[in-house]
Amino acid sequence: MTRILLTGFEPFGGERTNPSWEAVRLAAQDPPAGLTFATAELPCVFGDALTALRAAVEATDPDVVVCTGQAGGRPDLTVERVAINLDDARIPDNAGARPLDRPVVPGAPAAYFATLPVKACVAAARAAGVPASVSHTAGTFVCNHVFYGLMHLAATERPGLRGGFVHVPYAPEQVLDRGAPALPPAAVAAGLRAVAVTAATRTEDIRAVGGTTH
Ligand code: PCA
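Count the sequence shown with UniProt numbering and you get residues 1 to 214, in order.
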């Protein structure tokens, strides 16, 4: 049995729901064979989100951690390749903090790559019928903060722990009057299950196109 910790976020930015947490809850109701899922809902607050993530890792001792968050405006599931050591908030977090140009961890490396096979995860989500692509920026808000903190925790304190981050589109209920792309949480959950199976069963990535020109 491979233990997978899936995290999602609480709503932020005036939204009433966060599709990342909705999808994580749905995914965990129906774990694929050979996997056990633990879940945690993280606060959308710099610092506190990492404290909650660390507590969840300590409580569940996972082999793999897949954190997820909402990326409103993106049309598909995006498997993030790189976390950067930068907090630079465009909007306040849920505690009203708006850090500018601050490192997540002072003195730590500029960036970490995800240690999931990101292209294989994208291929698996697509094979499950869920639109997905590789992303090369997780932004500079709380999601990147958590992704960077996760990879730093793995690199410095939890050898063998593998981790990554998946951004998810809005849910349909969030865009009824907005004309923005959306995916139903059940579809996102199917994609997350496929990502989890891939992360649990392979460490080598596949050779496939996933880069971008801009
Ligand atoms: N998305 C935000 C933070 C929480 C979330 O779900 C982000 O992309 O940083």
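Glycine included, each C-beta is placed from N, C-alpha and C at the ideal position.
Three-state class that DSSP yields for Q174 in the structure shown: Taken through DSSP and simplified to helix, strand or coil, Q174 comes out as helix.
For V146, the three-state DSSP class (helix, strand or coil): V146 sits in a helix when the DSSP states are folded into three classes.
D101 (DSSP reduced to helix, strand or coil): Three-state DSSP puts D101 in coil, outside helix and strand.
Whether residue 263 touches A108 by CB criterion (8 Å): Residue 263 cannot be examined here, being either before or after the span of the chain that is shown, 1 to 214.
D48 in three-state terms, based on DSSP: Three-state result, D48: helix.
Span separating the alpha-carbon of G179 from that of P75: Approximately 12 Å, taken between the alpha carbons.
Presumed contact (8 Å Cβ cut-off) between I78 and L42, rounded CB distance: According to the sequence as given, residue 78 is Thr; it is not Ile. For a cut-off of 8 Å, the C-beta gap from T78 to L42 is around 18 Å, too long to register as a contact.
C-alpha distance - A200 paired with F113, whole-angstrom precision: A200 and F113 have their C-alpha atoms roughly 17 Å apart.
Coil, strand or helix - E22 by DSSP: If DSSP states are grouped into helix, strand and coil, E22 belongs with the helices.
Boundaries (first-last residue) of the alpha helix (DSSP H) holding G191: Per DSSP, G191 is one residue of the alpha helix (DSSP H) stretching across P185 to T201.
Burial state of M1, where buried means 16 or more other Cβ atoms lie within 10 Å: Taking every protein chain shown into account, the CB of M1 has fewer than 16 other CB atoms within 10 angstroms, so this residue is exposed.
Minimum length 3: unbroken beta strand (DSSP E) runs contained in the region 62 to 104: Qualifying beta strand (DSSP E) stretches, in chain order: 64 to 70, 77 to 80 and 82 to 84.
Cβ pair A133, R81 closer than 8 Å: Position check: residue 133 holds Ser in this sequence, whereas Ala was assumed. It is not a contact, given that the beta carbons lie outside the stated cut-off.
Under the three-state DSSP convention, the category L161 falls into: Three-state DSSP puts L161 in coil, outside helix and strand.
Through-space distance from A33 to residue 218, alpha-carbon basis: With the chain covering 1 to 214 only, the question about residue 218 has no answer from this structure.
Residue burial classification, D61 (beta-carbon count within 10 angstroms, cutoff 16): Result: exposed.
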